[in-house]
Amino acid sequence: MGATMTQKILARTSGRSAVEHGEIIWASPDLVTAPEVSFSAYIKRIREIGVTKLAHPERVAVIIDHEVPVHSIAGAERNKLTRKLALELSVGHFFDGAGITHPLMVEQGLIAPGMFAAGADSHAPGLGAVGALSVPFGFEVSMVLATGQIWMKVPETIRVRLNGACAPGVGARDIVLATMQQLDDEATSYRVIEYQGEGLSTLSVPERMTICGLCVDAGAKSGIAAVDQRCIDYLREHGVSNPQPQASVNSDDDADYAMTIDIDLSTLTPRVSIPPSPTHVREAQAMSDIVIQHAYIGSCVSGSIEDIRAAAAILRGHKVHADVNLLVIPATQQVFQQALQEGLLTELTAAGANISPSTCGPCFGGIAQLTAGERRISTSTRNDPGRMGSNEAEIFLASAMTVAASAITGHITDPRAFAKGGVQ
Amino acid sequence: MTAEVTGATGKTSSGRAWKFSSDISSDQLISARHVFEFDPRMLRHHLLAEVRPEFAQQAQPGDVIVAGRNFAHGSNHSHPFLAMKALGVGLLVRSLSRGPFRLAIFMGVPVLMVTTEVLDAIDDGHQLDIDFSRGAIHNVTTGQQMQVEPLSPFLQDIVNAGGGLEFVKTTLVN
């Protein structure tokens, strides 16, 4: 019996030749990511049990991304402490306002095929875009910081085979929403979702971050994408000089999967997650009676240059509706600069959008809060009641194209009518 | 009388059942607006505050949260489990997704996975005596004795140590 990508990664990082599904192992993460939200709290806690230094500081990345620019005294104090601790503890990678953790790790070449990453943040699985296993551990990251190790029950894998290509107006968000429609929480619990197939090669690495990052919202432990030439090319352009060969990282042909589903990308239509959960998925074209006041394009899963290009293409020749506030946040400073160079931010602001510095901000209600009775359509990760402010506000989640089209009309809108030339 | 006792054989508890539905999300347990707060003494006041405000005010050590499937789904936030640990409450749930399950264990919150039949036999306010190490649940109010699968010995060791950091404390090289 062959091994899945996940089994191969966990075998290597636990010093074993092979691992079985369901067994408990101690693995040693190659990368540990902690945002300013919690890093200082973890250090405080491990100091309480007598830990004075990090097990592998060179593997640790600390990122100030949730409150950028800082807008509270408490936040300023937290950032000051975070900077001090990062320096004191000699963490290998420190980013202060350079972008959102997950896209930043990929863009900076800090994650590569076959690596195992432990993340403090829920959407750590986005790093699976480059064939790495990245698992959110929350406060358990404190244990990784202290010991360099974490226990894992080796998860089974659900294989999602993608075929064909998305039609114009349909994108990565619609692929992951289609996946959620086929897999309930009992199917995904304690399992990894692995994307593979020729359809995967139609997606850029940032688009793969969308489909992997949102696996956690489908209830899965993580998401991972098979490695192909497009991924290798991306990594080389981003400073990963010698990525592991595909065959050694990808699942073996005779690997054991818990289940397999097939998705024909050419049949997909634009979809929307309706409140109160990302897994409550509806067709965008059936939602046109939903009037919105706010629209947001950004977050770790949808703030890439591709998302901003797609939004700008939809908005070209149009204006944001007079009753709608459209906020666009490039996920990283590099994406921000690229969007500036391509003239996209000029186009978007001319159409009526507001642009903010790279941050997680609106996704968890940190900025741009909603009040009772308001609705936002958003490319962010979650739509639980109260996630963006009032419990009586409603959040709808969709692709950058659907959000841009809805910002034009003032109600939830299928973007295919506006799409001119496809996902790219 | 309510109490929580950790003996050599593991955790037992005696207290009130606080019953909740299925699909209580992580954000419902503690709103994402408290994401920067990590002090358990503060977080305990926010637990389920927007679903059932009296819970955090009245819950006692030894009480248990009884809930249906997919408990704490969504965000992988540590906050609800820091709060449960601070309150001294345990968990009986039909299912718990992977992230929150781990966090409950890591914080040293005693957990049992229960069947629908067990859930149906417990109403809000019932008095429960629970032996987590054996999976034995005694509904004192109805007199019913129930049995479920306990956690694996490895996970019980972590909970009984008081959580993940206490569990690994002895192995630290520092």
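Chains as they are written, first to last, in the numbering used here: chain A, 5 to 428; chain B, 39 to 212. C-beta atoms are modelled at their ideal positions from N, C-alpha and C, and glycine is treated no differently.
Which same chain residues end up closer than 7 angstroms to residue i when comparing Cβ atoms and leaving out the 5 residues on each side of it in sequence?
i                      : result
residue 86 of chain B  : 67, 93, 94
residue 172 of chain B : 188
residue 108 of chain A : 67, 99, 102, 336
residue 287 of chain A : 273, 275
residue 373 of chain A : 392, 393
residue 311 of chain A : 301, 383, 404
residue 158 of chain A : 11, 14, 23, 24, 25, 26, 27, 29
residue 118 of chain B : 64, 67, 68, 85, 110
residue 291 of chain A : 276, 416
residue 45 of chain B  : Any reading at residue 45 of chain B needs caution, since the residue's pLDDT is 43, under 50, leaving its predicted position unreliable; the model's value is listed next. No residues qualify anywhere along the chain.
Going by the CB atoms, is the gap between residue j and residue i shorter than 8 angstroms?
i                      : j                      : result
residue 396 of chain A : residue 298 of chain A : no
residue 130 of chain B : residue 143 of chain A : no
residue 267 of chain A : residue 180 of chain A : no
residue 131 of chain A : residue 64 of chain A  : no
residue 307 of chain A : residue 333 of chain A : yes
residue 127 of chain A : residue 209 of chain A : no
residue 30 of chain A  : residue 112 of chain A : no
residue 227 of chain A : residue 215 of chain A : yes
residue 3 of chain A   : residue 183 of chain A : Since the first residue of chain A shown is 5 and the last is 428, residue 3 of chain A is not available in this structure.
residue 176 of chain A : residue 318 of chain A : no
residue 139 of chain B : residue 202 of chain B : no
residue 62 of chain B  : residue 104 of chain B : no
residue 356 of chain A : residue 330 of chain A : yes
residue 513 of chain A : residue 186 of chain A : Within the shown structure, residues of chain A are numbered from 5 to 428, placing residue 513 of chain A beyond reach of any answer.
residue 401 of chain A : residue 269 of chain A : no
residue 8 of chain A   : residue 120 of chain A : no
Along the chain, where does the alpha helix (DSSP H) that runs through residue i open and close?
i                      : result
residue 9 of chain A   : 9-17
residue 191 of chain B : 191-199
residue 179 of chain A : 176-186
residue 381 of chain A : Not the alpha helix (DSSP H): residue 381 of chain A falls in the beta strand (DSSP E), residues 379-382.
residue 190 of chain A : 189-192
residue 296 of chain A : First-last for residue 296 of chain A: undefined, no H or E at that position.
residue 410 of chain A : 404-413
residue 47 of chain A  : 43-52
residue 211 of chain A : 209-217
residue 287 of chain A : Element bounds for residue 287 of chain A: not the alpha helix (DSSP H) but the beta strand (DSSP E), 285-287.
residue 236 of chain A : 233-241
residue 150 of chain B : Looking at the DSSP string, residue 150 of chain B is not in any alpha helix (DSSP H); the run it does join, the beta strand (DSSP E), is 149-151.
For residue i, which residues of its own chain have a beta-carbon under 6 angstroms away from its beta-carbon, when the five flanking residues on both sides are left out?
i                      : result
residue 38 of chain A  : 66, 124, 145
residue 253 of chain A : 117, 118, 135, 231
residue 406 of chain A : 274, 288, 419
residue 218 of chain A : 180, 305
residue 212 of chain A : 133, 229
residue 206 of chain A : 169
residue 248 of chain A : 117, 118
residue 93 of chain A  : 58, 61
Beta strand (DSSP E) containing residue i: first to last residue?
i                      : result
residue 79 of chain A  : Residue 79 of chain A -> not in any beta strand (DSSP E); alpha helix (DSSP H) instead, spanning 77-92.
residue 198 of chain A : 195-200
residue 1 of chain A   : Shown here, chain A extends from 5 to 428; a query on residue 1 of chain A therefore has no answer.
residue 120 of chain A : 120-123
residue 117 of chain B : Counting along the chain, residue 117 of chain B falls outside any beta strand (DSSP E), though it belongs to the alpha helix (DSSP H) covering 117-125.
residue 24 of chain A  : Unbroken run through residue 24 of chain A: none, as it is neither H nor E.
residue 275 of chain A : 275-277
residue 227 of chain A : 226-229
residue 138 of chain B : Here residue 138 of chain B belongs to no beta strand (DSSP E); instead the alpha helix (DSSP H) covers 136-145.
residue 37 of chain A  : 35-39
By the 10 Å Cβ neighbour count, where 16 or more other Cβ atoms means buried, how is residue i classified, buried or exposed?
i                      : result
residue 358 of chain A : exposed
residue 34 of chain A  : buried
residue 43 of chain B  : Interpretation of residue 43 of chain B is limited by its pLDDT of 49, a score under 50 that renders its predicted location unreliable; the figure taken from the coordinates is listed afterwards. So residue 43 of chain B counts as exposed.
residue 257 of chain A : exposed
residue 21 of chain A  : exposed
residue 65 of chain B  : buried
residue 102 of chain B : buried
residue 178 of chain B : exposed
residue 349 of chain A : buried
residue 128 of chain B : buried
residue 192 of chain B : exposed
residue 181 of chain B : exposed
residue 78 of chain A  : exposed
residue 3 of chain A   : Within the shown structure, residues of chain A are numbered from 5 to 428, placing residue 3 of chain A beyond reach of any answer.
residue 194 of chain B : buried
residue 114 of chain B : buried
residue 212 of chain B : Bear in mind that a pLDDT of 42 at residue 212 of chain B, under 50, signals an unreliable position, so the model cannot answer this.
residue 225 of chain A : buried
Where in the stretch 129-153 of chain A do unbroken runs of the beta strand (DSSP E), each at least 3 residues long, occur, reported from the N-terminal end onward?
-> 137-140
Which parts of the stretch 74-109 of chain B are runs of the beta strand (DSSP E), unbroken and 3 residues or longer, counting only runs that do not cross its ends?
-> 102-105
Quick one: complete alpha helix (DSSP H) runs, 4+ long, within the stretch 316-352 of chain A?
-> 337-345
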